[in-house]
Structure formats: C-alpha cells, structure tokens
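Enquirer:
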Amino acid sequence: MTDKAPRRSPEPAERQRDAERSRHLLLEAAVAEFSAHGFSGARVGDIAARAGVNKQLISYYFGGKQGLFDAISDRWRRDEQALTSPDAPLSEIAREYALQTSRSPDLARLVLRQGLDGTGATAGNEDAQRTRFREVAADFERRREAGELAADLDPASVGLALFAMAAAPVGFPHIARALGLDVDAPDFGERYAAQVARIVSLLSDDRPRPLRTDG
Numbered sequence: 095m096t097d098k099a100p101r102r103s104p105e106p107a108e109r110q111r112d113a114e115r116s117r118h119l120l121l122e123a124a125v126a127e128f129s130a131h132g133f134s135g136a137r138v139g140d141i142a143a144r145a146g147v148n149k150q151l152i153s154y155y156f157g158g159k160q161g162l163f164d165a166i167s168d169r170w171r172r173d174e175q176a177l178t179s180p181d182a183p184l185s186e187i188a189r190e191y192a193l194q195t196s197r198s199p200d201l202a203r204l205v206l207r208q209g210l211d212g213t214g215a216t217a218g219n220e221d222a223q224r225t226r227f228r229e230v231a232a233d234f235e236r237r238r239e240a241g242e243l244a245a246d247l248d249p250a251s252v253g254l255a256l257f258a259m260a261a262a263p264v265g266f267p268h269i270a271r272a273l274g275l276d277v278d279a280p281d282f283g284e285r286y287a288a289q290v291a292r293i294v295s296l297l298s299d300d301r302p303r304p305l306r307t308d309g
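Numbering (the numbering used here), first residue to last: 95 to 309.
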C-alpha cells in the first residue's frame, strides 16, 4: 500500500483568491436574504448556506451580521457613486440608475426594505448615506443653475423622484403589470430605462447654460 502524497498548502495568492471568492459569495447571499427577510429576519446560517460556506466566515470576514450589512451598504454607495459623473447629462445618469436597478433587483429591494423596516443601518452608515446624498443634491442644484433642470424645480425633490422612478418596477411590480407593462420581459429593463431618460430630458429649461464645473 502506497502512502498518500502530502497535501499541498495553498499559495498566498490562492488563499487570497479563495478569501475574495468567499467574501463575494457571502455578500451576494446576504443581499438576497436581507432583501427577502429584512435585517432582523435574516439568519447568518441561511446566508452562509446560500453562499455555500461555513457561517463562521461571516464573523471572520465581517465581524458578524451587522458588519455584513454595513459592507453591503458601503458597496451600494460605491456602485451608486460610480454611476454619476458631473459631465454626464442627467438623463443618462437616470438611465443608468434604472438599468442598475433592473440588473440588481434584490439590492433595490434591500434598500426599499431598509426604508420601510427602519432597521440595519448604524449611525455611521446613516451619516455616510446622508453625506453622499447631500453631494447628489448639490450636483442637482448645480445642474439647475446651468439650466439642465428648470428653475422652479427643487433639486432634492427631483433627486428623490428619480430614485423612486428607478426603483418603481421592483417596488411596485403589481402596479406596473396593472398598467400593462411586462416587467418580466427580457428587454423590459432597457425599455424602461430609456423612458426614464426621456422623462428626465424634459425637466430642463428651454435655454440650458453651460454646466459649472468649478467647486
């Protein structure tokens, strides 16, 4: 009988890849579980089972369920910020928001559920979110000054309406269907995003001025 060959220890790069893969799987699984059950209702065991990893890795990588939720919130803010550009037309930004929502409906449901449940967000997370959306409001004010938004529109209200428009098919699929929209059609996301862009393009003054790019 021959002896088994000794098990090879993984190289550092391999361990790093495994760690990144486990973190990614946990984040994706957590988005699905939090969106379905809320922060209070989601269970770390179910998140780990969905991810196909040991639940102890949640504590190892994120410090627990709250840390996992915070990591999702941080990633959402980074992804959201990546969609915006001060040089891009607001209609194009709105289209990208709507497309992102159609591609990541569980994440959109999580954001909606967080607002309804009022659970999960820490004080630090709320501060970071407030800071980010004040930046959005300031950008919308700049666009109003440039004529991209009509002078009688309130930038913060416009921002809230655009977020609601982007999330509407996920938050109100029953109403969308009642209106005759097929939210399950493969091309629905693209078609809806195009309509959102068209609506936003009508919010400008008749004589837009050049965008101010200085601080």
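All C-beta atoms in this analysis are idealised placements derived from N, C-alpha and C, irrespective of residue type, glycine included.
Taking its Cβ as the centre, do 16 or more other Cβ atoms sit within 10 Å of Glu316, making it buried, or is it exposed?
Expert: What is shown of the chain runs 95 to 309, which leaves residue 316 out entirely.
Enquirer: Within its chain, find whatever has a CB closer than 6 Å to the CB of Asp140; leave out the 5 residues flanking it on each side and keep chain order.
Expert: Closer than 6 Å at Cβ, skipping near neighbours: Glu127.
Enquirer: Are there 16 or more other CB atoms within 10 angstroms of the CB of Ile152, so buried, or fewer, so exposed?
Expert: Looking at its Cβ environment, which holds 16 or more other Cβ atoms inside 10 Å, Ile152 is buried.
Enquirer: Helix, strand or coil: how does DSSP classify Leu297 here?
Expert: Coil, per DSSP.
Enquirer: Thinking just about the alpha-carbon of each residue, which of Ala217, Arg238, Arg169 is nearest to the one in Leu204?
Expert: When each option's Cα is compared against that of Leu204, the closest is Arg169.
Enquirer: Jot down the residue ranges of each uninterrupted alpha helix (DSSP H) in the stretch 158-221, minimum 4 residues, whole runs only, in chain order.
Expert: Whole alpha helix (DSSP H) segments, 4+ residues: 159-176, 184-197, 199-211.
Enquirer: Taking Val264 as the reference, give the member of Arg226, Ala287, Ala136, Lys149 with the closest Cα.
Expert: Of the listed residues, the one whose Cα sits closest to Val264 is Ala287.
Enquirer: Using three-state DSSP, classify Arg226 as helix, strand or coil.
Expert: Arg226 falls in the helix class under three-state DSSP.
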